[in-house]
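K.L.:
Numbering (this note's numbering), first residue to last: 34 to 111.
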(Lines of atoms letter the chains of each structure in order from A; the text may use other names.)
(Lines give C-alpha, C1' and ligand atoms only; values in the text may rest on other atoms or scores of the structure.)
Protein backbone atom coordinates (compact mmCIF):
# COMPACT_ATOMS: atom_id res chain seq x y z
CA UNK A 34 0.00 0.00 0.00
CA UNK A 35 2.77 2.43 0.89
CA UNK A 36 4.62 1.76 -2.38
CA UNK A 37 1.48 2.48 -4.38
CA UNK A 38 1.08 5.86 -2.69
CA UNK A 39 4.67 6.74 -3.53
CA UNK A 40 4.08 5.84 -7.18
CA UNK A 41 0.86 7.85 -7.19
CA UNK A 42 2.65 10.86 -5.73
CA UNK A 43 5.41 10.61 -8.32
CA UNK A 44 2.88 10.52 -11.16
CA UNK A 45 0.90 13.45 -9.77
CA UNK A 46 4.10 15.45 -9.32
CA UNK A 47 5.17 14.68 -12.88
CA UNK A 48 1.79 15.84 -14.17
CA UNK A 49 2.03 19.08 -12.24
CA UNK A 50 5.58 19.62 -13.52
CA UNK A 51 4.28 19.25 -17.08
CA UNK A 52 2.12 22.35 -16.69
CA UNK A 53 5.34 24.30 -17.30
CA UNK A 54 5.25 23.08 -20.89
CA UNK A 55 1.87 24.74 -21.33
CA UNK A 56 3.30 27.92 -19.85
CA UNK A 57 6.15 27.78 -22.34
CA UNK A 58 3.67 27.48 -25.20
CA UNK A 59 1.80 30.53 -23.92
CA UNK A 60 5.10 32.41 -23.60
CA UNK A 61 6.10 31.62 -27.17
CA UNK A 62 2.69 32.78 -28.34
CA UNK A 63 3.12 36.10 -26.55
CA UNK A 64 6.61 36.65 -27.93
CA UNK A 65 5.63 35.94 -31.52
CA UNK A 66 2.33 37.79 -31.22
CA UNK A 67 4.03 40.91 -29.92
CA UNK A 68 6.64 40.68 -32.66
CA UNK A 69 3.94 40.46 -35.33
CA UNK A 70 2.02 43.37 -33.79
CA UNK A 71 5.18 45.48 -33.78
CA UNK A 72 6.08 44.45 -37.32
CA UNK A 73 2.66 45.49 -38.55
CA UNK A 74 3.04 48.90 -36.90
CA UNK A 75 6.57 49.52 -38.20
CA UNK A 76 7.56 47.14 -41.00
CA UNK A 77 10.93 48.79 -41.55
CA UNK A 78 12.08 47.87 -38.01
CA UNK A 79 10.83 44.29 -38.15
CA UNK A 80 14.05 42.89 -39.60
CA UNK A 81 16.14 44.29 -36.78
CA UNK A 82 13.92 42.75 -34.12
CA UNK A 83 13.81 39.23 -35.56
CA UNK A 84 16.91 38.11 -33.65
CA UNK A 85 15.35 39.38 -30.42
CA UNK A 86 12.21 37.37 -31.19
CA UNK A 87 14.22 34.19 -31.65
CA UNK A 88 16.07 34.77 -28.37
CA UNK A 89 12.73 35.20 -26.58
CA UNK A 90 11.41 32.01 -28.14
CA UNK A 91 14.56 30.14 -27.07
CA UNK A 92 14.23 31.31 -23.45
CA UNK A 93 10.55 30.38 -23.31
CA UNK A 94 11.20 26.95 -24.83
CA UNK A 95 14.08 26.36 -22.42
CA UNK A 96 11.68 26.70 -19.50
CA UNK A 97 9.38 24.14 -21.13
CA UNK A 98 12.26 21.73 -21.62
CA UNK A 99 13.31 22.17 -17.99
CA UNK A 100 9.81 21.34 -16.78
CA UNK A 101 9.79 18.27 -19.05
CA UNK A 102 13.10 17.12 -17.57
CA UNK A 103 11.78 17.60 -14.03
CA UNK A 104 8.75 15.49 -14.95
CA UNK A 105 11.00 12.74 -16.33
CA UNK A 106 13.15 12.82 -13.21
CA UNK A 107 10.07 12.50 -11.02
CA UNK A 108 8.74 9.59 -13.05
CA UNK A 109 11.90 7.55 -13.47
CA UNK A 110 14.19 8.52 -10.58
CA UNK A 111 14.67 5.96 -7.86
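Positions of the beta carbon are idealized from the N, C-alpha and C atoms, including for glycine.
A quick note: this is a predicted structure, and the numbers were derived from the prediction, not measured.
Would you identify the three-state DSSP class for residue 34, choosing helix, strand or coil?
P.N.:
Translated into the one-based positions of the chain shown, residue 34 becomes position 1. In this structure, residue 34 counts as coil in the three-state DSSP scheme.
K.L.:
Could you work out which residue in 55, 48, 68, 61 is closest to residue 126 when comparing CA atoms only?
P.N.:
The shown model of the chain, from 34 to 111, leaves out residue 126, and the question about it has no answer.
K.L.:
Evaluate contact between the stretch 91-102 and the stretch 48-58, counting only Cβ atoms and requiring at least three cross-stretch pairs below 8 Å.
P.N.:
yes
K.L.:
Could you tell me whether the Cβ atoms of residue 64 and residue 83 are closer together than 8 Å?
P.N.:
Taking the first residue of the chain shown as position 1, residue 64 is located at position 31. Taking the first residue of the chain shown as position 1, residue 83 is located at position 50. The answer is no: Cβ separation not under 8 Å.
K.L.:
To which residues of the same chain is residue 32 closer than 6 Å at the C-beta, ignoring the five residues directly before and after it?
P.N.:
The requested residue 32 is not part of the displayed model; the chain covers only 34 to 111.
K.L.:
Let me know if residue 78 comes out buried or exposed under the rule of 16 or more other beta-carbons within 10 Å of its beta-carbon.
P.N.:
By 1-based counting over the chain shown, the position of residue 78 is 45. So residue 78 counts as exposed.
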